[in-house]
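Accompanying notes for the structure given below.
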Amino acid sequence: MSRRLRKLSTGVLNIFAWLVFVFTVGVSLVGFLSQAVRTSSRRSFKNNIDVLIIGVAYIVVFLMSLAFCLKRRISMFRKLQRLSRGRSALWRGDIPKHVHEFVVQEYSRACLISFESLPKDAHQEGWGKPGTQWDGICFRRFLLDTIPDLDAQARLLIPSLPPLRPNDRMSHHYRFIASLMPTDEDGLSPLHYYDSAIQLARQADREPTEREFEVGVAAADEIKRILLETRQEMLEGSTPDLNKLPLVL
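Those letters in the sequence shown? Residues 1481 to 1729, by my numbering.
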């Protein structure tokens, strides 16, 4: 809904509300006056004290309501008068061209100074160095975030995998797929490296180093790759080869 249509609908609703209010007040006034006339002995408006009381009461209520509305209107007008009327430049045409160029130049200068003031060689322990592929990455948090991702991948391969508990060792949780992992010359599999990295991220007081972080991430990627390849092989093995099926005439 556009602003103009919203404003129009609000105005129509306000007018409708006022009309309903005036109609209700008018009907009540006519009803009270007719009741006063019917209950009087003369059955007329002339010399009828009840009609006078009802009329005066409605006039007093109307004047009090009008005074209250005027008071609020004046109060809001005074509050608006206190607001600053300083001119704000919103568009290029609101100010002279040379002033606009000066503002743009000073803004660009401030941006360059802020950029050059940023630390370039600073390094915080447990975080990636600025300018590298790990810039702005918290090593501990990144390693821990790989746990649910690998767990979801493993459940695609083994749906009956036990639930992952907060303090489970990765080597124990993934013991059912340990036989799928290749080993290096030291006899260690990616699962061993990943388990060590996760334990370090969970339990160590110090922050993981960049080397430890890279080893853990590489192990997690290798485990994920093996799980995906194994699942793909299972799906291909369970799909019948249509070319080898006998023809039924």
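No residue lacks a Cβ here, since even glycine has one placed at the ideal position from N, Cα and C. All figures in this text were calculated on a predicted structure; none of them were measured in a lab.
DSSP on residue 1728, reduced to helix/strand/coil?
Caution applies to residue 1728, whose pLDDT of 40 falls short of 50 and renders its modelled position unreliable; the value that the coordinates give is listed next. Residue state, collapsed to three classes: coil.
C-beta contact flag for residue 1606 and residue 1687 at 8 Å
yes
Based on DSSP bridge pairs, tell me the residues matched to residue 1607.
1618
State the DSSP-derived secondary structure class of residue 1667, mapped to helix, strand or coil.
Residue state, collapsed to three classes: coil.
From which residue to which residue does the alpha helix (DSSP H) around residue 1658 run?
Unbroken run through residue 1658: none, as it is neither H nor E.
Pop quiz: residue 1499 and residue 1538 are said to be a contact at Cβ under 8 Å. What is the actual Cβ separation, rounded to whole angstroms?
Wrong, their Cβ atoms sit about 18 Å apart, outside the cutoff.
To the nearest angstrom, how far is it from the Cα of residue 1546 to the Cα of residue 1512?
22 Å
Just verifying my parser: in three-state terms, what is the DSSP assignment at residue 1647?
Here residue 1647 sits in coil by DSSP.
Using a Cβ-Cβ cutoff of less than 6 Å, which residues in the same chain neighbour residue 1679 once the five nearest sequence positions on both sides are dropped?
none
Between the beta-carbon of residue 1635 and the beta-carbon of residue 1641, is there less than 8 Å?
yes
Take residue 1542 as the anchor and find which of 1610, 1530, 1502 has the nearest alpha-carbon.
1502
Roughly how many angstroms separate the alpha carbons of residue 1524 and residue 1533, rounded to a whole number?
15 Å
Quick check on the burial criterion: 16 or more other C-beta atoms within 10 angstroms. Buried or exposed for residue 1675?
buried
Quick one: give me the first and last residue of the alpha helix (DSSP H) that residue 1495 is part of.
1483-1519
Our contact map puts residue 1677 next to residue 1623 with C-beta atoms below 8 Å; I'd like the distance itself, whole angstroms only.
6 Å
For a test of the three-state rule: what should DSSP assign to residue 1631, helix, strand or coil?
helix
Shortest alpha-carbon distance to residue 1681 belongs to which of 1582, 1609, 1619, 1526?
1619
Under 8 Å: do the segment 1625-1634 and the segment 1700-1719 share three or more Cβ pairs, one atom per stretch?
yes
In angstroms with no decimal places, state the Cα-to-Cα distance between residue 1579 and residue 1586.
11 Å
State the DSSP-derived secondary structure class of residue 1594, mapped to helix, strand or coil.
helix
Is the Cβ-Cβ distance between residue 1657 and residue 1644 less than 8 Å?
no
Alpha-carbon spacing of residue 1520 relative to residue 1528, whole angstroms
Cα to Cα, residue 1520 sits roughly 7 Å from residue 1528.
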